[in-house]
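Reviewing the structure listed below.
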Amino acid sequence: MSLVTVGSVAFDAIETPFGKTDKIIGGAGTFIALSSSFYSKTQKIISVVGDDFPQSMLDVFAAKGIDLSGLQIKKGEKTFFWSGRYHNDMNSRDTLITELNVLEHFDPIIPASYQGAEYLMLGNLSPQVQRTVIERLEKRPKLIAMDTMNFWIDIAMDELKKTLALVDVLIINDEEARQLSGEYSLKKASKVIRAMGPKYLIIKKGEHGALLFHGENTFFAPALPLEDVFDPTGAGDTFAGGFIGYLAASDDISFINMKRAIIAGSALASFCVEKFGTEKLLEISHKDIEERIDEFISLANFDMLQTA
Ligand code: AMP
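At position 103 of the sequence shown (counting the first as 1) the number is 183 in my numbering, and the numbers step up by one without a gap.
Printed below as a string of structure tokens:
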């Protein structure tokens, strides 16, 4: 089934305790699209870059089957730039620079060929832009998932609430869930947030896995303990891409299939952090992903009656 992704396509500069990069390719939309393309074969992106964005990366997107007709290239303008520095624990980071550039006046264009998409992933962007995309789709997709961040909770809560009221799945981290709901307990937070609109809530807990809430059901997926974590940038977006890509490919939005989609997203995110930026995502194969999913299954699987 057809999947449309909206999100930043960017340059990032990253510092971690293991090293530092100059400008490399990043952006929430980039990580989501690369990740979901492992599952979803009809995958379309809506975003904007400047004419400083390398054609070689656009070629990589195209080779992955990502439809770029909704990616605007603004002549004489600069691509969004973000820079961050991770603390020693690799879980927390400081944003050093955010240069909105082309994102400042981003007016999403939806090509006619994108209309009728069944799945929509709203990557982290201004909640107004996210809502504009929903409003410009002639037919409401079967499933709308969305990501957001503390930045929008801080400065655009009213807009965020209007967008939240229109989506089915919200994917955020534990800190954002607490900030958005005003509740410390994630169980209480999940009720408050779901009352704002999304029937499904996924709370990511970094190296401690992820929780899925729906109705009275809760599912917990672990994160794989990894030997090397070089750069967590984009792990959340890669998770979201794997999740929505899996759902779109299987065209099944039952709770049980969402559990599988979360494991697919977790497996892809576990690769993302092993190298800087998108590097690892561009190296792996379907076989690598399947093997990693098997590792997740054996990590979390147990039987109270098993004797050997
Ligand atoms: P994550 O590590 O999953 O939070 O995503 C990191 C990506 O989000 C980076 O590649 C950035 O380019 C992008 N990003 C950071 N801040 C913003 C923002 N305000 N709007 C859109 N994208 C952003």
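No residue lacks a Cβ here, since even glycine has one placed at the ideal position from N, Cα and C. Source: prediction; values computed, not measured.
Cβ neighbour criterion (16 or more within 10 Å) applied to residue i
i	result
R211	buried
M384	exposed
K219	exposed
N181	buried
P336	According to the sequence displayed, residue 336 carries Ile and not Pro. When all chains shown are included, I336 counts as exposed.
N398	Since the first residue of the chain shown is 81 and the last is 388, residue 398 is not available in this structure.
S82	buried
F161	buried
S88	buried
K367	exposed
S193	exposed
F133	buried
S334	exposed
N253	buried
A347	buried
P221	buried
F111	buried
F382	exposed
S136	exposed
T159	buried
Nearest candidate by alpha-carbon position, reference residue i, set the options
i	options	result
G345	S365, D368, K100 and A315	A315
L223	V249, W232 and Q208	V249
K241	L266, S206, F376 and P221	S206
Q152	P97, E263 and G130	G130
L244	A341, I283, I273 and S350	I273
R165	S365, K144 and G99	G99
L183	G107, E198, M137 and A236	G107
K279	I177, L246 and S115	L246
G322	Q386, I369, A143 and F141	I369
I94	M137, T159 and S163	S163
I343	A301, T313 and D308	A301
K284	G295, E307 and P312	P312
A290	T178, A341, L306 and G277	A341
L306	G295, E287 and T318	E287
G196	L266, V84 and F186	V84
Cut-off 6 Å between Cβ atoms - residues of its own chain near residue i, not counting five sequence neighbours on either side
i	result
F401	Because the chain spans 81 through 388 in this model, residue 401 falls outside it and cannot be assessed.
D227	G203, N204, I251 and A320
H281	According to the sequence displayed, residue 281 carries Leu and not His. Cβ neighbours of L281 beyond the five flanking positions: L250, S270, I273, R274 and F293.
L217	none
T318	F111, S115, L348, A349 and C352
Within-7 Å CB hit, residue i to chain D
i	result
I94	Note that chain D does not occur in the displayed structure, where there is just one protein chain.
Nonlocal neighbours in the same chain, by C-beta distance under 7 Å from residue i, ignoring five residues either side
i	result
I233	L240, E256, Q259 and L260
K360	F351, C352 and E354
A269	A257, R258, S261 and E263
S365	none
G156	D131
G145	S117, K121 and Q123
M229	N204 and E256
L176	S163, G164 and R165
G277	L244, A245, L246 and V247
Own chain, CB closer than 8 Å to residue i, minus 5 neighbours either side, in chain order
i	result
V86	G109, I125, I126, S127, P188, L200, M201, L202, G203, L205, V209, Q210 and V213
F310	T96, F98, G99, V353, E354, K355 and F356
L304	S346, A347, S350, R372, E375, F376 and L379
Notebook entry, point to check: Can you list every residue whose CB sits closer than 6 Å to some heavy atom of the ligand AMP, going in chain order?
Noted result: S88, A90, D92, G106, G107, A108, W162, T178, N204, L205, F231, T313, G314, A315, G316 and D317
Check: Does the segment 115-124 come within contact of the segment 307-327, defined as at least 3 CB pairs closer than 8 Å?
Finding: yes
Notebook entry, point to check: Any chance the segment 169-177 sits against the segment 138-155, with 3 or more Cβ pairs inside 8 Å?
Noted result: Judged by Cβ distances under 8 Å, the segment 169-177 makes no contact with the segment 138-155, as fewer than three pairs qualify.
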